[in-house]
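Numbering (our numbering), first residue to last: 5 to 674.
Everything on this sheet refers to the single structure shown next.
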C-alpha cells in the first residue's frame, strides 16, 4: 500500500521552539557573537552566582543566534562546562543552564545529544527530577501551601527547570532505543505525567512541554508504556481520564499532544496484550474516534487563517528582532506549532479507522513489502484480468460487527468532507515565504507542514479507497476530490520536476507517488487530463532520484493513468513498463508491479492505444521472450524472508501465461 510510514527513533518530529527568544543578556553582548563567545563561557566559573547565571543566559542566546558563536563554544568545552553547572548551588544558575542545554540539543541534534548521554547527563537530571517530584508531591498533598515569597520563588525556578528537563528528555528519547530504555529505567514517563496533574499547579508551558514529551516518548515504546501503566501511582483509568481532560483544554498544544498520547497507548501491541480490557473498552475508542477527530480538525486553520498566522509571526519577528543576525529565528505561535502534530496524528488515526471500518487490524510488513497486490487470489481466466476492476485487501470485508464498521466509515467520510478540503491550501504560501529575509526556522516550518500534509492526504486517500464502495454518495464525492488531487499534484507538487527540481525530502517524493496512485485509482477519467510532459518529467526524476518504493508506486499509478485517450502518454508509459522487463536482471518489486499494470492497461484490443502501441511495438513478443527470465527471477525470491513478495511474484507469473494466451487469441480471433 502507498501509506506513509510512521516516523521512528532518530528522526526529528514536530518540535516546539523552546526558549528561542532573546533576553536581556544578548543586549549586553557585542554584535560579533563569535568573538564574545569565549569570554562569556569563562564567566560560567565566576564565584558570583549572578555572574554565572548571566553567563548561562548569554550562552543560551548565542546558541540560538549565531552558528559560528555556537561552534566556538562547542570547540571550547561547552557541553562539559554546562553539565558541571547542573549541580550549582544556585537554583537560578541551574534554570539558565538547563535552558542553554535545551536550546543546544535542538540546534545541534543527534551528535550533542549522544555526547550528553555518554557524559551521563541522566544522573544530574535525575537528581533534579527527584527534587521536582518531591516538591510537587508536597503541593499535591497540601503540605506546601506556596504562600511565602520564598516558596513561590523556589517553585517558579523548579517549574522552569522542569520544563527544560522535560524538553531534554524529549530530545534524548528521539535518538536511539538504548537511550530510550535508559529513560524508561528512570521512570521518566511517570515523572512527566505527575507534571501535568492539575493539583501540581505547574504553569501551562510546563504542561504543554510535558505533554509533548509524553507524546514523543510513548511512541513505539512498549517497555516504557508497560512500566508507566503498571506503576501503582498511575492507574490506566487515571491516565486516560487526565489525557481526556487536556483534550478539552483551551490550549491547542495540550489538545493535540493529549490526543497523540492516547493514540500511542491504543496502538501499543504490548499494552493491547496486557491491558486488553482497557483498549477494547468503548470509551477509549470513542475518545480517539468520535471526539478527537473534530478537535484535530479544528486545530487545522483554513487557508486565510494559516496565511494570517504565518504573516503575523513574520511581522513580529521583523518588528521585535534585537540583533537581526542571519541566524536569528522567529518565535512561532501555538496556532502554527500545533499544525504539524495535528497532521501527524490525523495520518495515523486515518489508517486505524480504515482498519476498524474494514473489520480488521492492519498487520505490519517487513521492509520487503512495497505495495499490496491488486489481486486477492490467483486468476483462473483472463476475463478477471481485463474485464473487472481489481479487487484487493482495501475492499470492505464482511464481518459481524457491521454497526461499528459503519460508524468508522462515517468517520472516514468526515475526513473526506472536513479535513481534505483544508489540506492542499497549505502549499499555497510555501513560495510566498521563501525569500532570504524570512527566518530559516519559519521556512523549515512551512516545509515540514507541506510534507506532513502530503502524508495526511496520502493516508486519507487510501482510506477512502478502502472504505467507500462504488455506488455510495461518499464514493462519488471522493471521486470528484480525487480528480482534483491528481490535477493538483501535477500542477503544483510535481510542477518543478519539469526543471528537475523537488523542494521536499526524498521520503516525501515517495509519499507523493503513493498519493498519486491512490487518487488516480479512484478517478480513472483523470488520465485524459495528464500530458506527455507530465509523465516524462515524473519518470525522469524518479529514475534519477526516486527510491524503489517511489518507482513502484508510480507503476501502480500507471495502471490508471495508462488507460488514456492520449496515445503519446500511453506510449511513454508502455516504454517505461516494458523497459523494466527487458533488464538482464529485473528487479522483483518493479517487475511485479509492471506486469500487473500491463494487465490492466493492455487488457483489451479495443483500447485506442492497443494497436499503435502494444501491437506496433510488438510487446506481446517481448512478454513471451521475458517469460524464462521472469520465471528465474521468481525462483530467486526467498520464501522465508520475502514471503509476500514471493506470493505476488508467483501470482504475476501465472497471470503472465494467461495474459499472453489471451492476447494471442484476441488478435487471431480464436
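Just so it is clear, CB atoms sit at the ideal spot from N, CA and C, and this is done for glycine as well.
Legend entry - Pick from 492, 141, 637 that is closest to residue 202, judged by C-alpha positions: 141
Legend entry - Simplified DSSP assignment, three categories, for residue 333: coil
Legend entry - First through last residue of the alpha helix (DSSP H) which encompasses residue 232: 226-234
Inset, instruction - Taking 8 Å as the threshold, find out whether the segment 439-451 comes into contact with the segment 473-487 through three or more Cβ pairs. - result: no
Legend entry - First through last residue of the alpha helix (DSSP H) which encompasses residue 652: 647-672
Legend entry - residue 457 beta carbon less than 8 Å from that of residue 356: no
Inset, instruction - Please list, in chain order, all residues of the same chain as residue 228 whose beta carbon is under 6 Å from its beta carbon, the five residues on each side excluded. - result: 188, 193
Legend entry - residue 141, DSSP secondary structure in three states: helix
Legend entry - Beta-carbon proximity of residue 518 to residue 462, cut-off 8 Å: yes
Legend entry - Rounded straight-line distance, which links the Cα of residue 358 to that of residue 26: Confidence in residue 26 is poor, its pLDDT being 42 and thus under 50, which makes the residue's placement unreliable; the coordinate value appears in the next sentence. Answer to the nearest angstrom: the Cα atoms are 46 Å apart.
Legend entry - Check whether residue 617 and residue 578 have beta carbons under 8 Å apart: yes
Legend entry - With 16 other Cβ atoms within 10 Å as the buried cut-off, status of residue 566: buried
Inset, instruction - Can you have a look at residue 368 and say buried or exposed, based on whether 16 or more other CB atoms are within 10 angstroms of its CB? - result: Note that residue 368 scores a pLDDT of 36, beneath 50, so its modelled location is shaky and nothing firm can be said.
Legend entry - Neighbour-count burial assignment, residue 49, 16 or more Cβ in a 10 Å radius: exposed
Legend entry - Pairwise C-alpha distance: residue 61 and residue 44: 10 Å
Legend entry - residue 397 to residue 596 span [Cα, whole Å]: The predicted model places residue 397 with a pLDDT of 34, which falls under 50 and marks its position as unreliable, so this point remains unresolved.
Inset, instruction - Pick out whichever of 502, 481, 244, 507 has its Cα sitting closest to the Cα of residue 451. - result: 507
Inset, instruction - Spatial neighbours of residue 418 within its chain, please: CB distance less than 7 Å, with the 5 preceding and 5 following residues excluded, ordered by chain position. - result: 297
Inset, instruction - Look at the alpha carbon of residue 208 and the alpha carbon of residue 237, and state the distance between them as a whole number of angstroms. - result: 23 Å
Legend entry - 4 or more residues per run - each alpha helix (DSSP H) lying fully within the segment 163-251: 181-189, 192-199, 208-221, 226-234, 240-251
Legend entry - Where the alpha helix (DSSP H) through residue 544 begins and ends: 536-549
Inset, instruction - Pick out whichever of 633, 245, 176 has its Cα sitting closest to the Cα of residue 290. - result: 245
Inset, instruction - Could you tell me the boundaries of the alpha helix (DSSP H) in which residue 1 lies? - result: Since the displayed the chain opens at 5 and closes at 674, residue 1 lies outside it and no answer follows.
Legend entry - Contact check, residue 626 vs residue 663, beta carbons under 8 Å: no
Legend entry - Reference residue 299, options 266, 256, 340, closest by Cα: 256
Legend entry - Assigned secondary structure, residue 146 (DSSP; H/G/I helix, E/B strand, else coil): coil
Legend entry - Which listed residue (349, 275, 318) has its alpha carbon closest to that of residue 292: 349
Inset, instruction - Keeping to the same chain, check which residues put their C-beta closer than 6 Å to that of residue 516; ignore five residues upstream and five downstream. - result: 458, 497
Inset, instruction - Determine the DSSP secondary structure at residue 113, reduced to helix, strand or coil. - result: coil
Legend entry - Alpha-carbon to alpha-carbon, residue 93 and residue 113: 28 Å
Legend entry - Anticipated Cβ contact below 8 Å, residue 105 with residue 177, distance rounded: Not a contact, Cβ separation roughly 15 Å.
Inset, instruction - Have a look at 531, 156, 195 and flag the residue whose alpha-carbon is nearest the alpha-carbon of residue 174. - result: 195
Legend entry - Residues near residue 673 by beta carbon distance below 7 Å, same chain, minus five either side: none
Inset, instruction - Note down the Cα distance separating residue 4 from residue 57, rounded to an integer number of angstroms. - result: Given a span of 5 to 674 for the chain in the structure shown, any question on residue 4 remains unanswerable.
Legend entry - Nearest-angstrom Cα separation, counted from residue 322 out to residue 421: 38 Å
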